[in-house]
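Single-structure report; data block below.
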Amino acid sequence: MQGSALAAAVAQTGLVQAAPPDPDAARDALTGSFSIVINSAPHQMTVDTRVTLLDLLRERLMLTGTKKGCDHGQCGACTVLVNGRRVLSCLSLAVMHDGDHVTTVEGLAEGHGPDAKLHPMQAAFLEHDGFQCGYCTPGQICSAVGMLDEWRNGAPSLVTDDLSAHPELSPAELHERMSGNICRCSAYPNIAEAILAVSREGA
Amino acid sequence: MKSFSYMRARDVTEATRAAQRPGSKVIAGGTNLLDLAKLSIERPSALIDVNRIPGLKEIRRLPDGGVRIGALVTNADLAAHPLIREHYPLLSRAILAGASGQIRNMATTGGNLLQRTRCVQFYDTSDRCNKRAPGSGCGALDGANRMNAIVGGSASCIAVHPSDMAVAMRILDAVVETTDAHGAHRRIPIDDFYVLPDAAPQHETVLTPGEMITGVSLPAPPQGMQSYRKVRDRASYAFALVSVGAIAAVEEGHFTRVRFAFGGIAPKPWRIEAAEAALRGKPRNAQAISTACDIALAGAAGHGDNDFKIALAHRTLIAVLGA
Ligand SMILES: Cc1cc2nc3c(=O)[nH]c(=O)nc-3n(C[C@H](O)[C@H](O)[C@H](O)COP(=O)(O)OP(=O)(O)OC[C@H]3O[C@@H](n4cnc5c(N)ncnc54)[C@H](O)[C@@H]3O)c2cc1C
Ligand code: SF4
Ligand code: FES
Ligand code: FES
Chain A
1 MQGSALAAAV
11 AQTGLVQAAP
21 PDPDAARDAL
31 TGSFSIVINS
41 APHQMTVDTR
51 VTLLDLLRER
61 LMLTGTKKGC
71 DHGQCGACTV
81 LVNGRRVLSC
91 LSLAVMHDGD
101 HVTTVEGLAE
111 GHGPDAKLHP
121 MQAAFLEHDG
131 FQCGYCTPGQ
141 ICSAVGMLDE
151 WRNGAPSLVT
161 DDLSAHPELS
171 PAELHERMSG
181 NICRCSAYPN
191 IAEAILAVSR
201 EGA
Chain B
1 MKSFSYMRAR
11 DVTEATRAAQ
21 RPGSKVIAGG
31 TNLLDLAKLS
41 IERPSALIDV
51 NRIPGLKEIR
61 RLPDGGVRIG
71 ALVTNADLAA
81 HPLIREHYPL
91 LSRAILAGAS
101 GQIRNMATTG
111 GNLLQRTRCV
121 QFYDTSDRCN
131 KRAPGSGCGA
141 LDGANRMNAI
151 VGGSASCIAV
161 HPSDMAVAMR
171 ILDAVVETTD
181 AHGAHRRIPI
191 DDFYVLPDAA
201 PQHETVLTPG
211 EMITGVSLPA
221 PPQGMQSYRK
231 VRDRASYAFA
241 LVSVGAIAAV
251 EEGHFTRVRF
261 AFGGIAPKPW
271 RIEAAEAALR
281 GKPRNAQAIS
291 TACDIALAGA
301 AGHGDNDFKI
311 ALAHRTLIAV
321 LGA
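In order, the protein sequence lines correspond to chains A and B.
Going by the UniProt record's numbering, the residue at position 45 of the first sequence is 45; the numbering climbs one at a time, nothing skipped.
Going by the UniProt record's numbering, the residue at position 60 of the second sequence is 60; the numbering climbs one at a time, nothing skipped.
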């Protein structure tokens with residue numbers, strides 16, 4: 001592409017703003033440096049401050065297991081675990097994660113390649129056929145792992161009748177706790193079966 | 001998204017000083033600010049990350065039997081905290097009625113109070129909106145307004161404050177604690193914290209530039225049954241059409257003490273103390289509750305799509321307070 005055509009195309013994406021007076025100073029101000037551990041591997045990064053944790057994973061580190069559905073917090077496809085808790089990587093800036101430990105769907109299994117041992121949640125999704133197209137699956141699996149931890153730690157949900165008791169993970173509890181993960185294929189029955197199976201293993 | 005500089009604040013002084021500069025914004029969980037920044041509705045030139053400031057993630061018991069909640073306590077941690085579950089179940093339930101498990105793990109107490117409206121035209125940058133673009137008009141008054149307010153709005157704006165947590169905090173007489181860029185501290189009752197839109201809907205709270213929420217304190221809870229009921233288009237992960245929070249004590253079929261407030265119908269949590277007073281000593285029946293609701297909703301008017309909210313508010317209050 002010609003230089004001017006490229007500039008015009010880039011301008012239309014809105015990614016480049018009016019040039020500030022001192023380009024070097026501006027570049028320093030508009031990037032951020034941080035260290036982050038992703039699936040046990042430490043990284044030292046310097047990125048544009050606008051890069052979300054989701055885009056850091058997918059576009060910089062090529063960890064494309066984590067999916068972008070809506071990019072606005074409405075679907076759960078981008079769910080990852082940060083310091084063990086499930087969060088939406090699309091509504092978080094990469095620079096905010098200095099020192100954090102992130103686990104994506106790629107990091108749940110033990111080991112790599114053909115010898116890898118799947119995480120029990122991954123194995124259960126396979127066994128119970130907890131997907132159709134698979135697009136929501138990485139988010140569902142990460143969310144389910146985080147959700148079971150919350151439940152085991154005694155966190156209540158909206159449908160918990162007695163807030164002082166540790167609720168059973170009934171189907172109603174499970175549906176409410178997983179409501180942040182939308183499945184466009186509506187594979188919900190098998191997703192729920194897979195998660196319930198893991199919850200009963202008590203692993 | 002417009003470019004912005006980014007800074008990790010080490011303490012409240014550093015944060016408030018930096019946040020005071022024009023174009024600067026504090027970022028906590030980021031779940032509302034980044035959503036809006038991606039749509040160019042918020043256009044910060046500098047983000048001040050307050051997440052690493054020590055001491056703002058604590059929940060502690062106060063000598064008077066109340067509780068103080070740090071501004072950075074997440075919605076998930078607050079709802080699950082033993083003190084809150086035991087003494088303020090209304091607050092736990094209101095929080096758990098909002099957003100999703102993932103979002104509640106990120107969303108903070110301060111950020112939740114300051115989240116912006118979900119008005120459709122506020123989100124649509126091609127439409128008119130006095131809140132987003134002061135002076136451009138209000139696209140909701142004569143447009144889609146199913147999610148909009150029936151009370152408390154004005155001829156310039158009928159936006160709803162979407163927080164569930166804030167409704168519970170209003171009933172619990174929460175006090176918002178702040179620090180400004182000069183180091184001055186304020187304790188602002190939550191009802192005074194929010195301002196109605198009148199002619200300037202871009203002003204939503206009494207916070208001054210750079211002023212930061214450091215925490216929220218709740219007095220000891222009043223006696224009575226606490227409940228929160230949220231009516232919405234799907235059973236979970238949706239904003240309220242109407243919600244009702246209440247604390248009610250009943251003796252021999254009569255209300256002795258009642259507090260109630262609505263969410264989803266006004267620019268701030270809608271609690272009218274005169275309506276509560278009207279229920280004191282009254283029998284616990286639909287007629288008495290409906291009369292109190294009339295007082296709370298005095299002057300209420302629908303704008304077309306949201307006409308149903310007046311009747312829905314009555315029915316929801318009766319369902320919550322009735323026998
Ligand atoms: C899909 C979706 C569904 C949702 N559903 C619901 C729902 O049903 N009910 C509900 O109540 N909420 C709902 N929410 C909103 C959610 O609760 C808020 O986005 C969240 O509480 C905001 O908190 P935060 O910490 O992420 O704020 P941020 O996004 O970090 O900040 C929000 C605003 O507050 C300011 N701010 C933050 N902290 C401070 C501070 N300490 N001092 C001064 N200023 C501060 C920021 O500058 C910004 O202007 C939903 C959100 C999404 C994305
Ligand atoms: S109701 Fe308020 S937020 Fe909605 S379009 Fe009108 S001015 Fe904007
Ligand atoms: S991509 Fe993050 S919630 Fe949809
Ligand atoms: S399997 Fe297709 S979106 Fe869930």
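Built from N, CA and C at the ideal position, the CB exists for glycine as well.
Under a CB-based cut-off of 7 Å, is B/N285 close to chain A?
no
Residue ranges of each beta strand (DSSP E) within the stretch 143-175 of chain B, 3 or longer:
none
Closer than 7 Å, CB to CB, is A/H119 near chain B or not?
no
Please classify A/M147: does DSSP put it in a helix, a strand, or coil?
helix
Anything with a beta carbon under 5 Å from a heavy atom of ligand 4 counts; list them all in chain order.
A/F131, A/Q132, A/C133, A/Y135, A/C136, A/C183, A/R184, A/C185 and A/A187
Any C-beta of chain B sitting closer than 7 Å to the C-beta of A/A116?
no
Go ahead and label A/S4 buried or exposed: buried means 16 or more other beta carbons lie within 10 angstroms of its beta carbon, across all protein chains shown.
Only weak support is given to the placement of A/S4: the predicted model assigns it a pLDDT of 42, under 50, and the value that follows is read from those uncertain coordinates. Its Cβ having fewer than 16 others within 10 Å, A/S4 is exposed.
Can B/S154 and B/D127 be called in contact, C-beta distance under 7 Å?
no
Between the alpha carbons of B/L312 and B/V67, how many angstroms are there, rounded?
33 Å
Indicate whether at least one CB of chain A lies closer than 7 Å to the CB of B/Y237.
yes
Residue 204 of chain A by DSSP, collapsed to three states: which one?
No answer is possible for residue 204 of chain A: the residues shown for chain A start at 1 and end at 203.
So that I know if they touch, is there some Cβ in chain A lying closer than 7 Å to that of B/L96?
yes
Ordered along the chain, which non-local residues of its own chain (more than five positions away) have a Cβ less than 7 Å from that of A/V105?
G65, T66, P138, I141 and C142
For A/D48, report the span of its beta strand (DSSP E) as first-last.
A41 to D48
Rounded straight-line distance, which links the Cα of A/S89 to that of A/C78:
6 Å
Assigned secondary structure, B/R8 (DSSP; H/G/I helix, E/B strand, else coil)
strand
Inter-residue Cα distance where the pair is A/G84 and A/H97:
13 Å
Which runs of the beta strand (DSSP E) at least 3 residues long sit entirely within the stretch 49-126 of chain B? Give them in chain order.
59-61 and 67-70
I need the straight-line Cα distance from B/P283 to B/E252, nearest angstrom please.
9 Å
Entirely within the stretch 174-227 of chain B and at least 3 residues each: give me those beta strand (DSSP E) ranges in chain order.
175-179, 185-189 and 212-218
Beta-bridge pairing of A/V37 - partner residues as DSSP gives them
A/P42 and A/H101
For ligand 5, any of its heavy atoms closer than 6 Å to the Cβ of B/F308?
Among the ligands present in this structure, namely ligand 1, ligand 2, ligand 3 and ligand 4, ligand 5 is not found.
Nearest-angstrom beta carbon gap, B/V73 and B/I59 [assumed within contact, 8 Å]
6 Å
Whose CA, out of B/P219, B/L114 and B/A19, lies closest to the CA of B/D173?
B/P219
Can you give me the Cβ contacts of A/G76 inside the same chain, cut-off strictly under 8 Å, excluding the 5 residues immediately before and after it?
G69, L88, C136, G139, Q140, S143, G180, N181 and I182
In this structure, how does DSSP classify B/F308 when only helix, strand and coil are distinguished?
helix
Any C-beta of chain A within less than 8 Å: which residues of the stretch 91-122 of chain B qualify?
S92, R93, L96, A97, A99, S100, G101, Q102, I103, N105 and M106
Nearest chain A C-beta to B/A199 closer than 7 Å, yes or no?
no
Whose Cβ in chain B lies nearer than 8 Å to the Cβ of A/M96?
I27, G30, D49 and N51
Check the Cβ-Cβ distances between A/S179 and every residue of chain B, and say whether any is below 7 Å.
yes
Please list the partners that A/D164 has in chain B, where partner means a Cβ-to-Cβ separation under 8 Å.
This sequence places Ser at residue 164 of chain A; Asp is not what is there. Simply R85 and E86.
Is A/A77 close to ligand 3? I mean its beta-carbon at under 6 Å from any heavy atom of the ligand.
yes
Mapping the DSSP letters down to three states, classify A/R184 as helix, strand or coil.
coil
Name the DSSP beta bridge partners of A/R152, please?
According to DSSP, which records beta bridges pairwise, A/R152 is partnered with nothing at all.
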